[in-house]
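Residues 16 to 339 in this note's numbering are what the sequence shown spells out, letter by letter. Cβ coordinates follow ideal geometry from the N, Cα and C atoms, glycine included. For reference, the structure discussed in these notes is given below.
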Amino acid sequence: MVRRSVVAGCGAYLPDRVVTNEELVQRVDTTDEWIVQRTGIKTRHIAGDDQKTSDLAIAAARQALEHAGMNASELDLVVLATATPDHTFPSTATTVQAALGMTRGAAFDVQAVCSGFVYAMNVADNFVRLGQAKNVLVIGAETFSRILDWEDRTTCVLFGDGAGAVVLLGQDASGDSSDRGVLANCLHSDGRHHDLLYVDGGPSATQTVGHLRMEGPEVFKHAVKNLSSVVGEALEIAGLHTDDVDWLVPHQANKRIISSTARKLRVSEEKIVMTVERHANTSAASIPLALNDAVRDGRINTGDVLVLEAMGGGFTWGASVVRW
Ligand code: COA
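Here you go:
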């Protein structure tokens, strides 16, 4: 007998304001054609001036709790992945905890940039497996619009704001790959690649917030290699093969990275959940946003095998295998 983290519900939130590629053409030297061809992105949502990362997270969390038929008072833990917290401290997770009316248990942030949601799922799953928590809210929430250099065409066209959340419930299970819940996780990082994707500010280094800086083509090369290998590792831990995968729910950075990774894994296009066209890259929020889309429209059903995979600044990368 083992403990498994079963996904009991999911939710998402996107700010109302939709920014099209055409709107960006007014700001920087770019074209709709270039952005669509190189990235697959057509639109992104941008938070209002009065909206913080926690506001997005709270909306997504409320929807996930409702979907799970649960009350915040039943939660033992909130793990929130973000690289764009409201403040340097306290954590955005504690702000969400207070807003939900949860006064017991614990809440903290996880920082792994675009891999944040996979890292947070792994952390939450370990708490459940060890019996330290039973009901866990896992959130990915970002306002990347606040750290973009809106004059840098190589980065500002790629990102958007949003939040997604899942509720995990600890349940006893047999321990084989037919169980529902998180079956395997695999994480990696390699800090030598700091300069390929980073923010040039921060409380200790510069006392400023800073802007995102990226060597796009270099990141691209590492992404396909790292993502395909980590998915293979996670599937092996789960005792499953790529043929068993019903849905690939990747971090939504770029359509070409997603398709190349899937091709390398021999996962067919119809099994990919793709939202990058509408959401752009929402960093830690992109996987739960995509997940929520495919659950709400009926694509993902009980018993389906999902692979979540992501790579981000650090570099960090990872994958989770989940039976829905
Ligand atoms: N509009 C028009 N032209 C642009 C542009 C834009 N928004 N951004 C860059 N260009 C130009 C470049 O200046 C370059 O011009 P040059 O040939 O005259 O020097 C040309 O387009 C090609 O640039 P390059 O960076 O080589 O293009 P690319 O095919 O590698 O695509 C990315 C760029 C960023 C889309 C791509 O590298 C990528 O997606 N990388 C991964 C980024 C990512 O997902 N990061 C997040 C990971 S979590």
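Within a Cβ cutoff of 6 Å, which residues of the same chain sit near residue i, ignoring the five residues on either side of it in sequence?
{"i": "A27", "result": "A75, G179, L304 and N307"}
{"i": "A249", "result": "A199, C201, A334 and V336"}
{"i": "G196", "result": "R19, S20 and V21"}
{"i": "L212", "result": "M229, V234 and G328"}
{"i": "G116", "result": "A87"}
Whole angstroms is fine: what's the gap from residue i's alpha carbon to residue j's?
{"i": "T331", "j": "E324", "result": "11 Å"}
{"i": "D64", "j": "H208", "result": "33 Å"}
{"i": "Q147", "j": "V17", "result": "14 Å"}
{"i": "V15", "j": "V288", "result": "Given that the chain is displayed from residue 16 to residue 339, the structure contains no residue 15 and the question cannot be resolved."}
{"i": "R53", "j": "A72", "result": "30 Å"}
{"i": "R228", "j": "A188", "result": "44 Å"}
{"i": "V151", "j": "L29", "result": "22 Å"}
{"i": "G84", "j": "R168", "result": "43 Å"}
{"i": "A114", "j": "K279", "result": "43 Å"}
{"i": "I50", "j": "V172", "result": "7 Å"}
{"i": "Y134", "j": "D205", "result": "14 Å"}
{"i": "H256", "j": "T118", "result": "42 Å"}
{"i": "T223", "j": "N86", "result": "38 Å"}
{"i": "I315", "j": "A220", "result": "44 Å"}
{"i": "T103", "j": "V138", "result": "21 Å"}
{"i": "V239", "j": "G120", "result": "38 Å"}
{"i": "G313", "j": "D70", "result": "27 Å"}
{"i": "D164", "j": "T170", "result": "7 Å"}
{"i": "G190", "j": "S275", "result": "32 Å"}
Could you tell me if residue i is buried or exposed, where buried requires 16 or more neighbouring beta carbons within 10 angstroms of its beta carbon?
{"i": "H266", "result": "buried"}
{"i": "E233", "result": "exposed"}
{"i": "G131", "result": "buried"}
{"i": "S88", "result": "exposed"}
{"i": "L145", "result": "exposed"}
{"i": "N296", "result": "buried"}
{"i": "R338", "result": "buried"}
{"i": "G318", "result": "exposed"}
{"i": "A79", "result": "buried"}
{"i": "N269", "result": "buried"}
{"i": "Q112", "result": "buried"}
{"i": "T35", "result": "exposed"}
{"i": "G177", "result": "buried"}
{"i": "D258", "result": "exposed"}
Suppose the cutoff is 8 Å on Cβ atoms and the five residues either side in sequence are ignored; what does the same chain contact list for residue i look like?
{"i": "N241", "result": "H203, M326, F330 and W332"}
{"i": "R271", "result": "R53, T54, G55 and F235"}
{"i": "E81", "result": "G24 and G26"}
{"i": "Q126", "result": "A96, T97 and A98"}
Between which residues of its own chain and residue i is the CB-CB distance below 7 Å, once the five residues before and five after are set aside?
{"i": "T46", "result": "V40"}
{"i": "T68", "result": "T97, T99, P100, D101, T107, A156, E157 and T158"}
{"i": "F142", "result": "L92, A148 and V151"}
Quiz item: Between the region 260 to 274 and the region 84 to 99, do at least 3 Cβ pairs fall closer than 8 Å?
Solution: no
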